[in-house]
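The UniProt record's numbering applies: residue 1 is where the sequence shown begins, and numbers increase by one.
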Amino acid sequence: MAKYLVIVESPAKVKTIKKFLGSNYDVQASNGHVRDFPKSQFGIDVENDFEPKYITIRGKGELLANLRKAAKKADKIYLATDPDREGEAISWHLMQALKEDPAKMRRISFNEITKTAVKASIKQPRDLDLNLVDAQQARRMLDRMVGYTISPLLWVKVKRGLSAGRVQSVALRIICDREEEINSFIPEEYWSLDGEFKIKGEKKPLQAKFYGTDKKLPIHNKAEMDKILKALENAQYEITEVKKGERTKNAPLPFTTSTLQQEAAKTLNFSTQKTMRLAQQLYEGIDIKGSGTVGLISYLRTDSTRISQEADQAAREYIEAQYGDNYVSTTGKTVKKEQKIQDAHEAIRPTDITRLPAMIKESLSRDQFRLYQLIWKRFTASRMSAAKYETTSVKIGAGEYTFTVAASKIVFDGFMSVYVQEEDNQKGNVLSQSLEKGMKLELTELKPEQHFTQPPAHYTEASLVKALEEQGIGRPSTYAPTITTIISRRYVSKEQKNLYVTELGEVVNNIMKQAFPSIVDVRFTAMMEGLLDCVEEGTVQWKTVVRNFYPDLKRDVDAAEKELEKVEIQDEVSDEVCDVCGRNMVIKYGPHGRFLACPGFPECRNTKPYYEKIGVACPKCGKDVVLKKTQKGRKYYGCIDNPECDFMSWQKPSAKKCPKCGSYMVEKGNKIVCSETTCGYVEQKSKED
């Protein structure tokens with residue numbers, strides 16, 4: 001009987017696939033890559049036209065030997081690694097490492113681990129897609145060139161263990177730029193005015209917002225507000241327009257990697273890493289009571305919103321049977337306009353829409369269930385009709401001014417019967433049916449309110465993934481590892497959901513911006529991603545990309561080595577005296593930033609926390625204000641006498657007092673601003689400042 005060997009990436013898939021294929025198929029796992037660049041060398045022969053040097057990954061020798069034995073016994077070898085660039089490259093490396101006749105080895109791929117998909121792939125084996133392999137090789141080599149040449153500079157100039165990366169350095173820059181934007185943001189005052197009106201015969205008052213005249217009138221300060229209030233003192237209030245209309249809200253597209261990470265972060269509070277780990281488990285297969293091990297979702301690394309005809313048809317039949325034919329979408333949901341995608345995959349969807357989350361809840365962990373339910377609901381909703389709203393907008397005349405009120409109510413829930421996003425849950429106004437044009441209203445109260453504009457929000461993992469995707473940085477498989485790396489390197493700290501740059505992150509970002517501006521340039525990195533896509537499409541040779549990239553990088557590295565040689569980070573002597581031996585302590589860099597150490601090391605091992613004085617007296621107690629850091633490395637300013645004095649500020653305090661209200665002031669970019677937000681006093685920094 002013929003013997004076939006099927007090689008997959010993950011051991012978790014072995015059991016599932018073995019069950020589908022029967023006894024004459026031997027299924028084994030490669031545990032990811034079996035070959036890579038050596039850790040101790042560059043691994044790229046620059047003199048020999050950038051030929052890569054691959055070696056067996058340490059610890060994989062025995063596994064590879066077992067695969068070779070199994071391959072010798074097999075009549076045919078099927079390489080069933082993941083259906084993407086990385087999976088194609090793993091298959092190529094396996095072909096090289098197994099040393100078998102290439103005619104004996106065939107590539108198969110499937111988008112979901114189901115009996116139908118796996119058996120269909122066996123019937124349609126193909127050659128390796130060398131364009132995909134080349135695209136992965138080029139990406140790996142570019143990343144190696146950046147990491148291997150720049151990281152040692154950071155070790156010399158800052159501390160060992162730091163790393164630079166082609167994508168991670170840009171992600172860090174994006175976060176640093178946002179932090180600068182927030183720190184230099186100056187709030188601007190504005191006012192809002194709400195009116196409460198009594199409708200004859202109605203208990204509930206009508207709430208309306210001040211609009212302006214014929215066009216919207218912004219209210220910038222109290223003087224403008226007082227002028228409007230004065231004009232409204234004796235105004236007559238009358239409904240001048242009641243307009244009814246209809247609005248539709250279209251069903252969402254099914255999930256891509258990026259949108260799944262964003263939605264899971266928002267609704268389930270999952271990190272990108274956790275989302276990908278759980279999605280991998282759902283894809284590879286879960287032991288379901290009564291069904292055995294089953295792959296529950298399609299492949300999880302994708303930027304396509306395409307759905308196969310079979311899955312689309314099954315979804316429509318299910319929706320019609322459960323909800324009625326008026327709930328079935330009449331249009332096919334496809335990709336957004338002008339969105340560049342790699343359309344090799346489908347969107348993320350359940351492998352069987354009739355496998356309801358509630359039916360398999362007992363077989364899943366709590367988090368697996370919550371993620372599966374999110375994917376199931378989103379996919380089902382994507383095949384459903386739009387929701388319809390009845391809208392009413394009312395204008396209320398008040399002399400020369402107008403107030404407005406808008407309301408909407410659902411008349412047909414459509415896809416929202418299955419899937420409701422956070423913003424859809426907000427309840428709008430419910431208006432009385434008795435409102436008519438010409439109706440007089442009685443004012444019960446005017447509510448003026450002062451506001452200040454808010455700075456842009458700190459990035460969260462979800463909003464950073466969205467920014468990376470929008471700017472073309474990285475690809476579905478790189479978002480989670482990129483974020484994990486910059487957090488684990490302590491360049492960025494995560495507090496609640498927000499990402500903050502640490503002191504170490506600032507130092508690394510500044511060196512990268514100064515010495516390697518193109519590496520941390522968002523547009524350049526996006527252009528490189530575009531070139532890699534061209535390699536995948538077969539329109540650009542992979543070596544052309546590498547040949548053009550390396551000389552410029554080498555030039556920058558050589559220049560940086562000369563430049564940064566001048567920036568020797570000497571141990572700075574402080575005024576602090578060592579309690580143990582009496583020497584003046586020095587400032588050193590450690591894994592968590594700067595600290596004080598005795599220069600008599602190793603005889604004297606005394607260390608202390610280092611607090612940098614900023615030359616400003618504490619507004620509460622008059623002692624020194626110093627630069628401090630939270631446990632996770634985020635910078636702030638506090639009193640040196642803490643915990644006796646609890647003064648702290650995220651912005652750098654100034655020695656000046658506010659001439660308007662007497663509060664302390666803080667530095668924001670090239671301006672100094674009153675720390676009391678209701679005051680709003682701002683002045684330009686002087687040259688001395």
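The beta-carbon is built from N, C-alpha and C at its ideal position, and this holds for glycine as well.
Any non-hydrogen atom of the ligand FAD closer than 7 Å to residue i Cβ
{"i": "ALA314", "result": "Ligands are entirely absent from the displayed structure, and the ligand FAD is therefore not among its contents."}
Residue j beta carbon less than 8 Å from that of residue i
{"i": "CYS639", "j": "LYS620", "result": "yes"}
{"i": "ILE108", "j": "ILE122", "result": "yes"}
{"i": "ARG378", "j": "LEU296", "result": "no"}
{"i": "residue 700", "j": "THR484", "result": "Look at the range of the chain in this structure, 1 to 689, and you will see that residue 700 is not part of it."}
{"i": "ALA387", "j": "TYR419", "result": "no"}
{"i": "GLY61", "j": "PRO52", "result": "no"}
{"i": "GLU461", "j": "ALA265", "result": "yes"}
{"i": "LEU374", "j": "LEU278", "result": "no"}
{"i": "THR213", "j": "THR392", "result": "no"}
{"i": "GLU188", "j": "THR444", "result": "no"}
{"i": "VAL8", "j": "THR81", "result": "yes"}
{"i": "GLY669", "j": "SER184", "result": "yes"}
{"i": "TYR479", "j": "GLN261", "result": "yes"}
{"i": "LEU499", "j": "HIS458", "result": "yes"}
{"i": "LEU553", "j": "MET141", "result": "no"}
{"i": "TYR299", "j": "PRO11", "result": "no"}
{"i": "ALA29", "j": "LYS19", "result": "no"}
{"i": "GLU88", "j": "LEU128", "result": "yes"}
{"i": "GLU503", "j": "LYS629", "result": "yes"}
{"i": "VAL405", "j": "ALA208", "result": "yes"}
Reduced DSSP category for residue i - H, G, I as helix; E, B as strand; rest coil
{"i": "LYS668", "result": "strand"}
{"i": "GLN496", "result": "coil"}
{"i": "GLN684", "result": "strand"}
{"i": "HIS451", "result": "strand"}
{"i": "TYR4", "result": "strand"}
{"i": "GLY662", "result": "coil"}
{"i": "ILE360", "result": "helix"}
{"i": "residue 726", "result": "Residue 726 falls outside the range modelled here, since the chain spans only 1 to 689, and no answer is possible."}
{"i": "ARG523", "result": "helix"}
{"i": "ASP558", "result": "helix"}
{"i": "SER30", "result": "coil"}
{"i": "SER23", "result": "coil"}
{"i": "THR140", "result": "First, the amino acid is wrong: residue 140 is Arg here, not Thr. Correct three-state label for ARG140: helix."}
{"i": "ASP45", "result": "strand"}
{"i": "SER654", "result": "strand"}
{"i": "ASN642", "result": "coil"}
{"i": "ILE353", "result": "coil"}
{"i": "CYS534", "result": "helix"}
{"i": "THR16", "result": "helix"}
Spatial neighbours of residue i in its chain, beta-carbon cut-off 8 Å, leaving aside the 5 residues before and after
{"i": "ILE486", "result": "GLN168, ALA171, LEU172, ILE175, VAL492 and GLY505"}
{"i": "TYR389", "result": "GLU246, ARG247, THR248, LYS249, SER408, LYS409, ILE410 and VAL411"}
{"i": "residue 737", "result": "With the chain represented from 1 up to 689, any question about residue 737 goes unanswered, as that position is not in the structure."}
{"i": "ALA74", "result": "LYS3, TYR4, LEU5, ASP26 and LYS104"}
{"i": "ARG139", "result": "ARG85 and LEU532"}
{"i": "ASP641", "result": "CYS618, CYS621 and LYS623"}
{"i": "ASP580", "result": "It should be pointed out that residue 580 corresponds to Val in this sequence rather than to Asp. If we look at VAL580 and ignore the five residues flanking it on each side, its Cβ neighbours are CYS598, CYS604 and ASN606."}
Contacting residues, own chain, Cβ-Cβ under 6 Å from residue i (five flanking each side not counted)
{"i": "TYR327", "result": "ILE319, MET384 and SER385"}
{"i": "CYS534", "result": "VAL540"}
{"i": "CYS538", "result": "Rather than Cys, the amino acid found at residue 538 in this sequence is Gly. Once the five neighbours on either side are set aside, the close Cβ partners of GLY538 are ASN131."}
{"i": "residue 714", "result": "Outside the displayed range of the chain (1 to 689) lies residue 714, so it cannot be described from this structure."}
{"i": "ASP143", "result": "ARG166"}
{"i": "MET439", "result": "ILE239"}
Contact set for residue i: own chain, Cβ-Cβ below 7 Å, skip 5 residues either direction
{"i": "THR482", "result": "VAL167, GLN168, ALA171 and GLY474"}
{"i": "THR607", "result": "PHE595, LEU596 and ALA597"}
{"i": "LYS660", "result": "CYS674, CYS679 and TYR681"}
{"i": "VAL465", "result": "SER258, GLN261, GLN262, THR272 and TYR479"}
Quiz item: Using 8 Å as the Cβ pair cut-off and three pairs as the minimum, do the stretch 182-198 and the stretch 212-226 touch?
Solution: yes
Self-check item: At least three beta-carbon pairs within less than 8 Å, the stretch 301-320 to the stretch 257-265
Solution: yes
Quiz prompt | Within the stretch 225-265, ranges of the alpha helix (DSSP H) (whole runs, at least 4 residues) | solution = 257-263
Quiz item: Okay, do the stretch 40-47 and the stretch 92-110 touch, 3+ Cβ pairs below 8 Å being the bar?
Solution: no
Exercise. Report the residue ranges of all beta strand (DSSP E) runs contained in full by the stretch 264-330; include only those spanning at least 3 residues, in chain order.
Key: 286-288 and 292-294
Quiz item: Is the stretch 643-662 touching the stretch 611-630 in the sense that three or more CB pairs, one from each, lie closer than 8 Å?
Solution: yes
Exercise. Pick out the complete beta strand (DSSP E) segments inside the stretch 165-216, 3 residues or longer, and give them in chain order.
Key: 189-198 and 206-212
Self-check item: Touching by the beta-carbon criterion (3+ pairs, under 8 Å), the stretch 396-407 and the stretch 234-246
Solution: yes
Exercise. Take every Cβ of the stretch 56-72, pair it with every Cβ of the stretch 17-34, and state whether three or more of those distances are shorter than 8 Å.
Key: yes
Quiz item: Which ranges would you report for the alpha helix (DSSP H) in the stretch 589-627 if only whole runs of at least 4 residues count?
Solution: none
Quiz prompt | Stretch-stretch touch, CB-based, cutoff 8 Å, three pairs: the stretch 513-520 with the stretch 306-318 | solution = no
Practice problem: Any chance you could list the alpha helix (DSSP H) runs of at least 4 consecutive residues sitting entirely within the stretch 58-105, in chain order? | Solution: 61-73 and 85-98
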